[in-house]
Each structure stands twice: as structure tokens, then as C-alpha cells.
Amino acid sequence: MKTNQNNKKTVPTQEQIEVVCRQRARHFWNWLTWSLVYYVVINLFLIAINWFTSPHYWWVLWVIVGWGISLLMTAIEKSIKY
């Protein structure tokens, strides 16, 4: 909320509110897109490491599940916040 010269609070217009909402939505989707890209790329790399070092035990599943839950919870929190 902005103040005018008399230090009185002014109400934002509908257009200003919509601009802020669009910016927040764009920020959220940019964050989610890049987070998913990092998630996939790094997990593919870890799967390759797991495959070559210890194919009898798939420890990488713990990373994939843990990171996936964390990513999901953060996305839910951010979507509610925005």
C-alpha cells in the first residue's frame, strides 16, 4: 500500500493488483520449472553413479524420494503463499 503526499494510505487499483499477481505467478512457475530441471538432471547423474558403483543396492531411491517430497512440499507452500 502506498502513501500520498499527506501520508494517507491509498488503495491500489485493480490493475495494480493484477500486475502484482501476474508477477508472483510468473516467479512461482519460473522457480518450479528450474527446480524440476535440477531435480531431473541431478537425479539422472546420481542414477548413473549408483548403476556403476553399486547396482545391487539402489541407494539413489532414497535421494529421489526425499528430494521429491521436499520439492513437493515447498511447491505447495509457495503456491499457497502466492
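For the sequence shown, position 27 matches number 27 in UniProt numbering, and the numbering has no gaps at all.
Glycine included, each C-beta is placed from N, C-alpha and C at the ideal position.
Keep in mind it's a predicted model, so treat the numbers as computed, not measured.
| Asked | Found |
| --- | --- |
| Span separating the alpha-carbon of TRP65 from that of ILE49 | With the sequence shown as reference, residue 65 is identified as Val, and Trp is not the correct amino acid for it. Looking at the two C-alpha atoms, the distance is approximately 17 Å. |
| Residue interval of the alpha helix (DSSP H) (run including HIS56) | Where HIS56 is concerned, there is no enclosing alpha helix (DSSP H), given that its DSSP letter is neither H nor E. |
| Rounded Cβ spacing between VAL31 and LYS78 (contact assumed at less than 8 Å) | In the sequence as presented, Val is not what sits at residue 31; that position holds Trp. Their Cβ separation, rounded to whole angstroms, is 7 Å, which keeps TRP31 and LYS78 in contact under 8 Å. |
| Beta-carbon contacts of VAL63 that lie in its chain and below 8 Å, excluding the five residues immediately before and after | ASN43 and LEU46 |
| Same chain, Cβ closer than 8 Å to VAL60, neighbours up to 5 away in sequence not counted | ASN43, LEU46, ILE47, ILE49 and ASN50 |
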